[in-house]
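In the numbering used here, the protein residues as written are 141 to 423. The beta-carbon is built from N, C-alpha and C at its ideal position, and this holds for glycine as well. A quick note: this is a predicted structure, and the numbers were derived from the prediction, not measured. Down below is the structure, laid out as structure tokens.
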């Protein structure tokens with residue numbers, strides 16, 4: 141038995157529905173998964189219901205980002221209460237900001253005679269959070285790019301003239317939101333940070349886990365992050381960061397798996413944090 145705890149569905153920038161992901165996991169013999177969509181929990185209920193029918197454990201999760209002067213951080217909240225009012229309010233604000241950002245990128249592209257159908261971009265997002273991948277798909281449909289990777293390289297990367305920065309938010313704020321939503325906040329893909337000091341800083345601010353096992357982590361990095369997790373008393377997680385066939389990274393579901401023991405340790409950490417949260421609010 142093994143688990144893939146980093147998967148994205150069509151509720152954010154993935155191309156597969158929650159139901160398709162559950163079926164794929166079942167066919168691969170993966171019995172525990174976590175669909176952690178960017179700034180969205182729209183797929184959680186569907187995944188939970190369908191997973192129950194197919195005897196696949198689905199851990200409700202969400203991936204939130206923080207882009208501040210310190211850098212760009214991503215956090216996954218595991219066992220999140222997806223109906224939490226504070227979280228829902230935050231996600232609604234993010235959806236609006238994402239819409240504005242996407243509109244600005246489209247405007248920049250239009251200035252260079254690259255005409256996209258914004259209504260089609262919205263339809264492609266299926267009511268979830270609009271991201272650059274939805275613009276990439278429209279660029280492909282209109283013949284301006286050959287693939288998602290090509291679209292990012294030519295039009296949507298941070299180095300592109302069309303890039304629009306994300307809104308600034310402090311990591312402490314995002315971590316706090318995830319904790320209040322009764323989840324275990326885990327730092328995703330730490331290898332992209334390039335700084336161990338930042339990991340230690342985030343642990344001081346409430347991060348309770350590190351995504352040790354990740355496709356872009358080589359054996360040395362994986363070993364190092366496992367060591368840091370042990371030193372700081374943090375849980376160790378991992379997953380494929382699967383976005384579906386034809387995605388920019390082209391990772392396969394289940395390409396990175398973690399053991400049942402690590403899932404159990406994550407579950408125990410959630411129970412511990414839940415007790416602390418109850419004590420904080422109800423004494």
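Distance, residue j Cα to residue i Cα
| i | j | result |
| --- | --- | --- |
| residue 407 | residue 248 | 45 Å |
| residue 175 | residue 144 | 9 Å |
| residue 241 | residue 335 | 28 Å |
| residue 414 | residue 201 | 15 Å |
| residue 211 | residue 401 | 32 Å |
| residue 398 | residue 259 | 40 Å |
| residue 231 | residue 179 | 6 Å |
| residue 314 | residue 324 | 12 Å |
| residue 173 | residue 272 | 25 Å |
| residue 168 | residue 251 | 46 Å |
| residue 152 | residue 184 | 11 Å |
| residue 375 | residue 362 | 14 Å |
| residue 142 | residue 171 | 7 Å |
| residue 423 | residue 412 | Unreliable positioning characterises residue 423 in this predicted model, as indicated by a pLDDT of 49, which lies under 50. The coordinate reading is nonetheless provided below. When rounded, the distance between both Cα atoms is 15 Å. |
| residue 404 | residue 199 | 12 Å |
| residue 320 | residue 221 | 9 Å |
| residue 409 | residue 294 | 42 Å |
| residue 317 | residue 227 | 6 Å |
| residue 225 | residue 328 | 24 Å |
| residue 123 | residue 204 | Residue 123 cannot be examined here, being either before or after the span of the chain that is shown, 141 to 423. |
| residue 364 | residue 290 | 33 Å |
| residue 417 | residue 257 | 45 Å |
| residue 292 | residue 229 | 30 Å |
| residue 162 | residue 189 | 10 Å |
| residue 301 | residue 254 | 13 Å |
| residue 281 | residue 148 | 22 Å |
| residue 164 | residue 191 | 11 Å |
| residue 340 | residue 285 | 40 Å |
| residue 187 | residue 322 | 19 Å |
| residue 160 | residue 223 | 23 Å |
Bounding residues of the beta strand (DSSP E) (the contiguous stretch that carries residue i)
| i | result |
| --- | --- |
| residue 465 | For the chain, the structure presents residues 141 to 423; residue 465 sits outside this window and is missing. |
| residue 142 | 142 to 147 |
| residue 325 | 324 to 327 |
| residue 338 | No beta strand (DSSP E) contains residue 338, which is instead part of the alpha helix (DSSP H) from 336 to 344. |
Close Cβ partners of residue i (< 7 Å) along its chain, the five nearest in sequence each way excluded
| i | result |
| --- | --- |
| residue 267 | 182 |
| residue 395 | 355, 380 |
| residue 208 | 308, 309, 310, 311 |
| residue 297 | 303 |
| residue 261 | 242, 270, 274, 275, 278 |
| residue 233 | none |
Proximal residues to residue i (C-beta, below 8 Å), its chain only, five neighbours per side dropped
| i | result |
| --- | --- |
| residue 386 | 155, 287, 288 |
| residue 377 | 145, 146, 216, 218, 326, 349, 350, 351, 352, 353, 398, 402, 406 |
Contacts around residue i, its chain only, beta-carbon distance under 6 Å, and the 5 residues preceding and following it disregarded
| i | result |
| --- | --- |
| residue 264 | 274, 277 |
| residue 238 | 269, 270 |
| residue 150 | 157, 266 |
| residue 166 | 194, 196 |
| residue 304 | 241, 244, 245 |
| residue 372 | 343 |
| residue 331 | 356, 357, 361 |
| residue 213 | 206, 311 |
| residue 235 | 269 |
Where the alpha helix (DSSP H) containing residue i begins and where it ends
| i | result |
| --- | --- |
| residue 349 | From DSSP, residue 349 is part of no alpha helix (DSSP H) but of the beta strand (DSSP E) over 349 to 353. |
| residue 291 | 288 to 291 |
| residue 165 | 158 to 168 |
| residue 305 | It is not in any alpha helix (DSSP H) - residue 305 carries neither H nor E in the DSSP assignment. |
Residue-chain proximity (residue i, chain B), Cβ-Cβ < 8 Å
| i | result |
| --- | --- |
| residue 337 | The chain labelled as chain B is not found in the depicted structure, where only one protein chain is given. |
What runs of the beta strand (DSSP E), each 3 residues or longer, lie entirely inside the region 186 to 271? 201 to 208, 211 to 218
Would the region 152 to 171 count as touching the region 370 to 388 if we require 3 or more Cβ pairs under 8 Å? yes
Counting pairs of beta carbons, one from the region 355 to 371 and one from the region 386 to 396, are three or more of them closer than 8 Å? Yes, the region 355 to 371 is in contact with the region 386 to 396.
So within the region 366 to 422, which uninterrupted alpha helix (DSSP H) runs reach at least 4 residues, ignoring any that extend past its ends? Counting only runs of 4+ residues, the alpha helix (DSSP H) found wholly inside the region 366 to 422 occupies 400 to 422, in chain order.
### Query
Taking contact to mean at least 3 C-beta pairs separated by less than 8 Å, is the region 327 to 341 in contact with the region 361 to 372?
yes
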